[in-house]
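One structure below.
2 protein chains.
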Amino acid sequence: MREKAVESRTPLPLLPCTCANLRRAARAVTRLYNRELQHDGIEVTQFTLLMALNLTGEIPQGELGKLLALDSTSLTRMLAPLKKRGWVQAKEGGDRRLRIFGLTPAGRAKFEQSLPHWKRAQDRVQKALGEKTMARLSGSLMEVTRLSLPA
Amino acid sequence: MREKAVESRTPLPLLPCTCANLRRAARAVTRLYNRELQHDGIEVTQFTLLMALNLTGEIPQGELGKLLALDSTSLTRMLAPLKKRGWVQAKEGGDRRLRIFGLTPAGRAKFEQSLPHWKRAQDRVQKALGEKTMARLSGSLMEVTRLSLPA
DNA sequence: TCATACTATATGCATATACATCTGTCCTTG
DNA sequence: CAAGGACAGATGTATATGCATATAGTATGA
Numbered sequence: 193m194r195e196k197a198v199e200s201r202t203p204l205p206l207l208p209c210t211c212a213n214l215r216r217a218a219r220a221v222t223r224l225y226n227r228e229l230q231h232d233g234i235e236v237t238q239f240t241l242l243m244a245l246n247l248t249g250e251i252p253q254g255e256l257g258k259l260l261a262l263d264s265t266s267l268t269r270m271l272a273p274l275k276k277r278g279w280v281q282a283k284e285g286g287d288r289r290l291r292i293f294g295l296t297p298a299g300r301a302k303f304e305q306s307l308p309h310w311k312r313a314q315d316r317v318q319k320a321l322g323e324k325t326m327a328r329l330s331g332s333l334m335e336v337t338r339l340s341l342p343a
Numbered sequence: 193m194r195e196k197a198v199e200s201r202t203p204l205p206l207l208p209c210t211c212a213n214l215r216r217a218a219r220a221v222t223r224l225y226n227r228e229l230q231h232d233g234i235e236v237t238q239f240t241l242l243m244a245l246n247l248t249g250e251i252p253q254g255e256l257g258k259l260l261a262l263d264s265t266s267l268t269r270m271l272a273p274l275k276k277r278g279w280v281q282a283k284e285g286g287d288r289r290l291r292i293f294g295l296t297p298a299g300r301a302k303f304e305q306s307l308p309h310w311k312r313a314q315d316r317v318q319k320a321l322g323e324k325t326m327a328r329l330s331g332s333l334m335e336v337t338r339l340s341l342p343a
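As you go down the protein sequences, you meet chains A and B in turn.
Whatever position you read off the first sequence (first residue = 1), add 192 for the working numbering.
Whatever position you read off the second sequence (first residue = 1), add 192 for the working numbering.
Pasting the structure below:
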């Protein structure tokens, strides 16, 4: 018995709601990335935090929240396990209200260790969509994101 | 003191990870839609279920999950409050394993009542992005979604 | 410098979701 | 038709998030 030449899967209809399409895509793509990352014992959500901190360097919790369009109070809990695992640490600046987060050496190491697996997922998307479409998609995502941010 | 002519907000850097960009956009856009829908006492997640059922008519739970790229077992709980509110009902087909869901009249009414508020959010995105960009975005979202689905 | 308002984060509570596993059905084959 | 496996959905458990509210620290003006 050989492979069906034509994929029989239904064409997955577009929903009339942009929000629903976005959420659906986020769920599906999250699974794709997690399938790759699971070998590292980390999921894309936490990997994203490492990646963001690697990009920004030390940054206050609230700023990190703005960067990721994440409620800053949600970050309190999302960062906790990373702290416990020794991947990030918070230090105090002049303003004692601030939590200034940064990667530890162990965190940087973890990030670099997971990077190739993340890359496999990223490359797969890149290859399937093509560079031009990817660039446009990214641009549009940034645009809707900015547009949706609170005034 | 007059408005600043130029928005001072940082340009919200693009992240190097498509998954992170998608998730960030989904979070932000979800809030935009929820701000509109909150007057209806419904959130976009549940509204999406009503919309989907309105589109498909009666449909087994598993099929609905595929349509929304949602784990079918997650739907068990997401549909529960809608059942409790009398907006959807499950009936049994020939196969007693199946839960075949459909909108009740109350569910259809709720959907129609919320539609204008949903539309405000949808229009806002549409207007900001422009029709062409919207269409391309939707297409790309469908493509990444399909691409990410399990083999 | 105190009262007041504001800011950054923490906590309580709620929803959205995933995956592993259990249970009840159904189907396939000896 | 019984045994074994495939399927659909239910449940246990865990993470991701949001919003409302509580707290601690800062800034401001009388």
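Backbone N, C-alpha and C fix where the C-beta goes; we use that ideal spot for every residue, glycine too.
Note that this is a predicted model, so its numbers are computed, not measured.
Does DSSP classify G154 of chain A as helix, strand or coil?
Past the edges of chain A, shown from 193 to 343, lies residue 154 of chain A, and the structure says nothing about it.
Compute the Euclidean distance between the alpha carbons of A320 of chain A and M243 of chain A, then round it to the nearest angstrom.
23 Å
Stretch pair the region 215 to 228 of chain A + the region 286 to 297 of chain A: three plus CB contacts closer than 8 Å:
no
Between which two residues does the alpha helix (DSSP H) holding Q238 of chain A run?
236 to 248
Starting from the beta carbon of W279 of chain A, find every residue of chain B whose beta carbon is closer than 7 Å, and list them in chain order.
The contacting residues do not exist; W279 of chain A stays about 17 Å from chain B at best.
Using 9 Å as the threshold, is the C-beta distance between T237 of chain A and T222 of chain A below it?
yes
Would you decide whether V198 of chain B is buried or exposed? Buried here means 16 or more other CB atoms lie within 10 Å of its CB.
Reliability fails at V198 of chain B, whose pLDDT of 37 lies under 50, so the model's placement of it is uncertain and the value that follows must be treated cautiously. V198 of chain B comes out exposed.
Apart from the five residues on each side of it in sequence, which residues of its chain come closer than 6 Å, Cβ to Cβ, to I234 of chain B?
S306
Looking only at C-alpha atoms, which of B:A272, B:F239, B:S264 sits nearest to K311 of chain B?
B:F239
Taking contact to mean at least 3 C-beta pairs separated by less than 8 Å, is the region 322 to 330 of chain B in contact with the region 318 to 332 of chain A?
yes
On the DSSP bridge list, what partners appear for A272 of chain A?
DSSP output for A272 of chain A lists no bridge partner at all.
Within chain A, partners of S332 of chain B - CB distance below 8 Å
L321, T325, R328, L329, S332
Could you tell me which uninterrupted alpha helix (DSSP H) segments, each at least 4 residues in length, are contained entirely in the region 293 to 338 of chain B, listed from first to last along the chain?
297 to 321
Express the C-alpha separation of A313 of chain A and H309 of chain B in angstroms, rounding to a whole number.
37 Å
Boundaries of the beta strand (DSSP E) in which Q281 of chain A is found, first to last residue
280 to 283
Which of helix, strand or coil does DSSP assign to S264 of chain A?
helix
Cross-strand partners of P252 of chain B (DSSP beta bridge):
B:I292
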